[in-house]
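Take a look at the structure below.
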Amino acid sequence: MDRIRLVGGNELRGEISISGAKNAALPLMIASLLTDEPLVLHNVPRLADVKQLERILENHGVDIAVHGRRRGEEEGVGQRMTFHAADIVDTTAPYDLVSKMRASFWVIGPLLARCHEARVSLPGGCAIGTRPVDLFLYGLKQLGAEIDIDEGYVVARAPKGGLVGATVSFPKVSVGATHTILMAASLARGTTIIENAAQEPEITNVAECLVAMGAKISGIGTRTLTVEGVEKLHGATVEVIPDRIETGTFAMAAAMTGGDVLLRGARSEHLQAALDILAQTGTELSHEANGIRVRRNGNGIQPVDVDTDPFPGFPTDLQAQFMALMTMSSGVSEIRETIFENRYMHVAELARFGADIAVNGQVATVTGRPQLKGAQVMATDLRASVSLVIAGLAAKGETVVNRIYHLDRGFERLEDKLSRCGAEIERLAG
Ligand code: UD1
Numbered sequence: 154m155d156r157i158r159l160v161g162g163n164e165l166r167g168e169i170s171i172s173g174a175k176n177a178a179l180p181l182m183i184a185s186l187l188t189d190e191p192l193v194l195h196n197v198p199r200l201a202d203v204k205q206l207e208r209i210l211e212n213h214g215v216d217i218a219v220h221g222r223r224r225g226e227e228e229g230v231g232q233r234m235t236f237h238a239a240d241i242v243d244t245t246a247p248y249d250l251v252s253k254m255r256a257s258f259w260v261i262g263p264l265l266a267r268c269h270e271a272r273v274s275l276p277g278g279c280a281i282g283t284r285p286v287d288l289f290l291y292g293l294k295q296l297g298a299e300i301d302i303d304e305g306y307v308v309a310r311a312p313k314g315g316l317v318g319a320t321v322s323f324p325k326v327s328v329g330a331t332h333t334i335l336m337a338a339s340l341a342r343g344t345t346i347i348e349n350a351a352q353e354p355e356i357t358n359v360a361e362c363l364v365a366m367g368a369k370i371s372g373i374g375t376r377t378l379t380v381e382g383v384e385k386l387h388g389a390t391v392e393v394i395p396d397r398i399e400t401g402t403f404a405m406a407a408a409m410t411g412g413d414v415l416l417r418g419a420r421s422e423h424l425q426a427a428l429d430i431l432a433q434t435g436t437e438l439s440h441e442a443n444g445i446r447v448r449r450n451g452n453g454i455q456p457v458d459v460d461t462d463p464f465p466g467f468p469t470d471l472q473a474q475f476m477a478l479m480t481m482s483s484g485v486s487e488i489r490e491t492i493f494e495n496r497y498m499h500v501a502e503l504a505r506f507g508a509d510i511a512v513n514g515q516v517a518t519v520t521g522r523p524q525l526k527g528a529q530v531m532a533t534d535l536r537a538s539v540s541l542v543i544a545g546l547a548a549k550g551e552t553v554v555n556r557i558y559h560l561d562r563g564f565e566r567l568e569d570k571l572s573r574c575g576a577e578i579e580r581l582a583g
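According to the numbering used here, the sequence shown holds residues 154 to 583 in order.
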C-alpha cells in the first residue's frame, strides 16, 4: 500500500490551484440520472471517489466520456466529462459498489424519481460514526415512496404515476438527504417544500445545475427550498465549484508552516467561518482577484476555540486539520465536534507527533506545544489523513503516513501541489 514520506520544517511558498469540489462533483454526477440527455460537467477533480461513482453510474447504464484538455489549458485543470443516462438499465446499486462510499447511496433519489423504483445497498464510507439513513427514508416516504429494508438493501417504490410533492421538514440538517430529496422532488408531481435544508455551497451548485436542467427551484442558498416538480429534465453544462475543504486545508498548512501561499481559484464566501477563525489564530488572509493569499504573521499561532456546525458554520471536514494547527498554538484551545459523534480518530495519531490532546465526549482540549516531532502514523479517514500531513509538514524530522488511500479519495495531486510550494514530500509505492 502506498505511503507518504515527508520531512518537516520548510515554509510553504508559492501558488496552489484549488481543484473542483469532490462534494459537489459527486452529487452533480448523480444528477445525470434524472435525464435522458447528456449532462456536461467542467472542473471534475481526478479522485478515487469520482472513479468509484463512475463505476456505479455505469452499472445503471450511464455513458461516461472524459474530454481532452483544451489547447492552452494548464495541466492539472479539472476534467470535462459528459454523463449520458439515455436508458437506465438497472435500478439496483449493489453492495460491492456502494459500500465503499456513502455518497453513492444518493442515487436512490433520481432512480426513484425517474424509474419509480430503486434498490440501493445501505452505504459505507468513512468510519466516522454510525451515519444512519433515516432522514433520507423519511423524506422519500413524504414524497409517497414505499420503503422496505431487504437483506441490507433499501427497496423503494414510488406510487403509481410517480412521486408526489410534499413538505419535508428535516429534524436535523443533512447534506446528503437534502441533495437526495431535491433531486427526487424535481421530477415529482406538484410542489415540495424542504424545510431545514442544508445550505452548503455544494447544495447550491447542485440546485443551480437542476435549474439549468429545467427544474423549478426557489430559495436556493437558504434553509427552505421550494421545488415545483416538472415532467422531464433536459441536458445542461455545469461547472463544479472550487473545493472549499481543500482550500481550508492548504490555508491551515500554510498557517502551520509559515510562508506565503496563493490559493488560486479559492472562493472566500464558501468558507468564511473557517477564514475568520484562521485570522484569529494570527494568520493573514488577503482576498485577491484570483484567489486567497495566506501568510502567517511573526507572532506564532494563537489558540482559538471552535465548534463545528452546518454551513455557514465551521465545517466538520476541517476539524482535524484545525486540530493539527492548534497542536502548535501558544496556549489551550477547545474544539467541539457537533456533527459526527466519532470524528476524533486522528487524535491518537496526532499524539504520535507529541501533540497534547485530551478528548472528553464531543470536546477535544488541545494544549499547544512549541514543536512537534516527525512520526510513523496511520491515515484513518479522509480528512483525518490530511491533518497528519499538515502536522508532518511542521514537525521536526521525518514523517511517514501509512494507508493513504483515504487521501486519494479526496485530494487531487496532494504531494505535487505541496512540493511545488517547497514541501519535502513524496509518495512511496507499495
Ligand atoms: C456530507 C459530506 C461530508 C461532510 C458532511 C457534513 C459529501 C459527499 N460528504 O456527508 O464530507 O462531513 O456532509 O458536512 O458531501 N444523519 C442522520 N440521518 C440521516 C443522515 C444523516 O442522522 O439520514 C446525521 C449524520 O450521522 C451526521 C449528520 O446527520 O451526524 C450530518 O450528516 P450529513 O450532512 O448527512 O453528511 P453526509 O451527507 O453523509
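Yeah, the Cβ is synthetic: ideal placement off N, Cα and C, and Gly gets one too.
Just confirm the distance between the C-beta atoms of M405 and L546, as a whole number of angstroms; I'd bet it's less than 8 Å. Going by Cβ atoms, the distance from M405 to L546 rounds to 10 Å, so no, they are not a contact pair.
query = What distance in whole Å lies between the Cβ atoms of L187 and P263, which are believed to be in contact at a cut-off of 8 Å?
reply = Taking 8 Å as the upper bound for CB-CB distance, P263 and L187 are in contact here, some 5 Å apart.
Below 7 Å CB to CB, which residues in the same chain sit around F564 once its five sequence neighbours on both sides are set aside?
E399 and V539.
*Is DSSP giving T345 helix, strand or coil here?*
Judged by DSSP in its simplified three-state form, T345 adopts strand.
query: If we count Cβ pairs, one from each stretch, closer than 8 Å, do we get three or more for the region 173 to 193 versus the region 326 to 339?
result: Yes, since at least three Cβ pairs between the region 173 to 193 and the region 326 to 339 fall closer than 8 Å, the two stretches touch.
Task: Among R417, G484, G550 and T469, the one whose alpha carbon lies nearest that of E494 - done: Checked all of R417, G484, G550 and T469; the closest Cα to E494 is T469.
CA-CA distance, Q433 and Q472?
Going from the Cα of Q433 to the Cα of Q472 covers about 16 Å.
Worksheet item: Taking the beta strand (DSSP E) that V160 falls in, what are its first and last residues?
Response: For V160, the uninterrupted beta strand (DSSP E) run begins and ends at R156 to V160, by DSSP.
* Asked: Counting Cβ pairs, one atom from each stretch, are 3 or more of them under 8 Å apart for the region 489 to 504 and the region 375 to 384?
  -> Because the criterion of three Cβ pairs below 8 Å is not met, the region 489 to 504 and the region 375 to 384 do not touch.
Query raised in the report: Is G484 near the ligand UD1, in the sense that its beta carbon is under 7 Å from a heavy atom of that ligand?
Result: Not under cutoff, so the answer is no.
Opposite M234 in the DSSP bridges: which residues?
When beta bridges are read from the DSSP output, M234 appears opposite L194 and V219.
Buried or exposed, going by whether 16 or more other CB atoms sit within 10 Å of the CB of H440?
So H440 counts as exposed.
Check your understanding: Taking the alpha helix (DSSP H) that H499 falls in, what are its first and last residues?
Key -> Here the alpha helix (DSSP H) through H499 covers M498 to A504.
Taking the alpha carbon of D460 as the point to measure from, which residue in T518, T244 and P198 has its own alpha carbon closest?
-> When only C-alpha atoms are compared, the closest one is T518.
_Could you give the first and the last residue of the continuous alpha helix (DSSP H) run that contains D561?_
Its alpha helix (DSSP H) spans residues Y558 to G563.
(Q) Comparing C-alpha positions only, which one of G372, R446, G507 and V273 sits nearest to L165? (A) Minimum Cα distance to L165 is reached at R446.
Simplified DSSP state of F467, which is helix, strand or coil:
Three-state DSSP puts F467 in a strand.
> Span of the beta strand (DSSP E) holding D303?
Replying inline: Unbroken beta strand (DSSP E) run through D303: E299 to D303.
Query - Neighbour-count burial assignment, M154, 16 or more Cβ in a 10 Å radius - result: Its Cβ having fewer than 16 others within 10 Å, M154 is exposed.
Worksheet item: From which residue to which residue does the beta strand (DSSP E) around R580 run?
Response: Per DSSP, R580 belongs to the beta strand (DSSP E) from E577 to L581.
Worksheet item: Taking Cβ to Cβ, would you say R556 is nearer than 8 Å to Q474?
Response: Taking a C-beta distance under 8 Å as the contact criterion, R556 and Q474 do not qualify as a contact pair.
For D413, the three-state DSSP class (helix, strand or coil): If DSSP states are grouped into helix, strand and coil, D413 belongs with the strands.
Query - Residue from V230, F258 and A298 with nearest C-alpha to P285 - result: Selected option, being the one with the closest Cα: F258.
Problem - Same chain only: Cβ atoms within 6 Å of Q529, ignoring 5 sequence neighbours per side - result: Its chain contains V553 as the residues whose beta carbon lies nearer than 6 Å to that of Q529, once the 5 sequence neighbours on both sides are disregarded; these appear in chain order.
Q.
Across the region 191 to 211 and the region 474 to 484, are there enough close Cβ pairs to call them in contact, namely three or more that are closer than 8 Å?
A. Touching, no.
> Is D249 near the ligand UD1, going by C-beta to nearest heavy atom under 7 Å?
Replying inline: Not under cutoff, so the answer is no.
Quick one: is the Cβ of A330 within less than 7 Å of any heavy atom of the ligand UD1? It does: the Cβ of A330 is within 7 Å (strictly closer) of some heavy atom of the ligand UD1.
Do the CB positions of G456 and M479 come within less than 8 Å of each other?
The sequence as given places Pro at residue 456; Gly does not occur at that position. In contact: P456 and M479 (Cβ atoms closer than 8 Å).
For the beta strand (DSSP E) holding A271, just list the boundary residues, first then last.
-> That run of the beta strand (DSSP E) goes E270 to S274.
With three or more beta-carbon pairs closer than 8 Å as the criterion, would you say the region 340 to 356 touches the region 322 to 329? Between the region 340 to 356 and the region 322 to 329, the count of C-beta pairs closer than 8 Å reaches three or more; the two stretches touch.
| Starting from V251 and walking both ways along the alpha helix (DSSP H), at which residues does that stretch end? | Taken as a continuous stretch (DSSP letters only), the alpha helix (DSSP H) holding V251 covers Y248 to V251.
List the DSSP bridge partners of T436.
Bridge pairing for T436: R449 [DSSP].
*asked:* Give me the residue from T357, I373, H423 and G444 with the minimum Cα distance to R397.
replied: When only C-alpha atoms are compared, the closest one is H423.
With DSSP run on the structure shown, which of helix, strand or coil describes M182? Three-state DSSP puts M182 in a helix.
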